[in-house]
Amino acid sequence: MSKKGILLVNLGTPDSPSTNDVRRYLNEFLMDPRVIDVNPAWRTVLVKGIIVPFRAPKSAKLYKEIWSDTTGSPLMHYSILQRDALQKRLGAHYMVELAMRYQNPSIDTALDNLKKALVESILVIPLFPQYASASTGSVYEKVMRLVKDWPTPPNISFINSFYDDDLIIKTFADNARKYNPDSYDHILFSFHGLPQRQLVKADHTHSHCLKVNDCCQTITDKNQFCYSAQSYATARLIAANLNISDDRYSVCFQSRLGSDPWVKPYTSDVIAQLAKEGKKRLLVFCPAFVADCLETVYEVTEEYGAEFRHLGGEEVQLVESLNDSPTFIDALERMVRNSIQPSPAASSF
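Sequence positions in the sequence shown follow my numbering and run 431 to 779.
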């Protein structure tokens, strides 16, 4: 009996924290035209001539801070656990493969494994709760580019986003409850940043993004695929689950690159303002990530923590990501079963 293929795809991680491996990872990541969406010649100069030569050695040092000798990077560690847990849940009639958009295990290899297994269909789940052209869109493009030359490709479908999935929201909220959110002065929802121009490109009406007051505060037909609008929606749902009032939390965006304007407000600016207001203890969510990684474990806990303390604050507590939470695996299993109808041959199982 044919199996159904499931392809989980996360962003990626270097093969090791060595400068060479980090350089290789950054080159592949930043040369993606959906990530740095500028003229190809300028992108090459910018990435290979400026960003990577200076950033690779610095990033390698940071990766060494979070790297485990036994399990490697946190992102890889939790991604493997997610794959294995989902495979166990789904059973023998499914084949779950894990890939990284950049570096290893590659999408090429994962798709080849599914092809060799003669799966009857492939459901691709980009592991990004909020849709962005630079993440989910890039996975779409890569997968379709690889399978377009297959003589007989199976049915292929995608999960677009899951920013408002109730089980995802519950997992983040449950992770926070152990820290007693009411005991913190303020709650931050810090999402990965994107250039504003990428949000504008997602507005097919050309009349909403950055042209309407509070354009991201409510999901509508016009901004339903907007990364920022989906991020605000995720934050609202988690806050509601925890009974956090609007005045006790802020939404912000981290990890800027270059001089062009990125999605605002910036996390560093919000932290500075909260310190100025006399806030001492911050609880921080990073709901753009399904697995802890450099941007959560180090950037929030270490860099923003040090910045906040320097400005007079006392504590920045990270709420861990979805990682290998059984409730997150519940969510993935539900996505699969709701997206793939059982074949007649499998109906008795």
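Note that CB positions come from ideal geometry on N, CA and C, so glycine has one too.
Pick from the options that is closest to residue i, judged by C-alpha positions
i	options	result
R686	D760, V465, Y455 and R453	V465
L624	K710, T566, Y657 and R767	Y657
Y728	M765, L762 and Q684	Q684
S410	N469, G442 and P447	Only positions 431 to 779 of the chain appear in the structure, and residue 410 is not among them; the question remains open.
P559	T539, L553, P584 and N590	N590
L514	N753, I770 and N768	It is worth fixing the name first, because residue 514 is Asp in this sequence and not Leu. Ranking the options by Cα distance to D514, first place goes to N753.
L548	M431, D760 and E745	M431
R485	A659, S698, D451 and K608	D451
V749	D604, D644, L667 and K478	D604
A663	R607, D595 and V720	D595
V746	D690, S620 and Y593	S620
K608	L557, H523, L672 and R666	L672
L528	A736, I510 and K518	I510
N534	L505, A562 and E725	L505
S536	T601, A471, I617 and P444	P444
Y493	P717, I668, C723 and N768	C723
K709	H622, Y455, P691 and R678	R678
P583	P556, L541, Y561 and K572	L541
A659	Y593, E707, T601 and Y696	Y593
H622	I668, P756, D579 and V720	V720
Residue i, DSSP secondary structure in three states
i	result
M506	helix
M765	helix
R686	coil
V554	strand
E707	coil
Y609	coil
W472	helix
A515	helix
P625	strand
E737	helix
S853	Nothing in the structure corresponds to residue 853, since the chain is present only between 431 and 779.
S637	coil
L492	helix
Y593	coil
L713	strand
S658	helix
S448	coil
S751	coil
R464	coil
V730	helix
V700	helix
N653	coil
V720	coil
Exposed unless 16 or more other CB atoms sit within 10 angstroms - verdict on residue i
i	result
S498	exposed
K488	exposed
P611	buried
R453	buried
I480	exposed
A670	exposed
G742	exposed
D651	exposed
V766	buried
K433	buried
N643	exposed
E744	exposed
N768	exposed
Expected contact under 8 Å - CB spacing of residue i and residue j to nearest Å
i	j	result
V577	L438	The pair is not a contact, with the Cβ atoms about 17 Å apart (cut-off 8 Å).
D615	R711	5 Å
Y734	I770	40 Å between Cβ atoms; not a contact.
L629	V681	Not really, about 14 Å apart at Cβ, beyond 8 Å.
I649	L553	With a Cβ gap of about 24 Å, I649 and L553 do not count as contacting.
S563	K518	At roughly 33 Å, the Cβ-Cβ gap does not stay under 8 Å, so S563 and K518 are not in contact.
R531	K478	Rounded, the Cβ-Cβ distance is 19 Å, inconsistent with contact.
Enclosing beta strand (DSSP E) for residue i [first to last residue]
i	result
K434	K434 to G442
I537	From DSSP, I537 is part of no beta strand (DSSP E) but of the alpha helix (DSSP H) over I537 to K546.
H622	H616 to H622
I586	N585 to F588
L748	E745 to L748
V526	Y524 to Y532
Test: residue i CB closer than 9 Å to a CB of chain D
i	result
W580	The structure shown contains no chain D; it is built from a single protein chain.
The alpha helix (DSSP H) enclosing residue i, as first and last residue numbers
i	result
Y561	Counting along the chain, Y561 falls outside any alpha helix (DSSP H), and DSSP gives it neither H nor E.
M431	Here M431 belongs to no alpha helix (DSSP H), and DSSP marks it neither H nor E.
E571	S568 to V577
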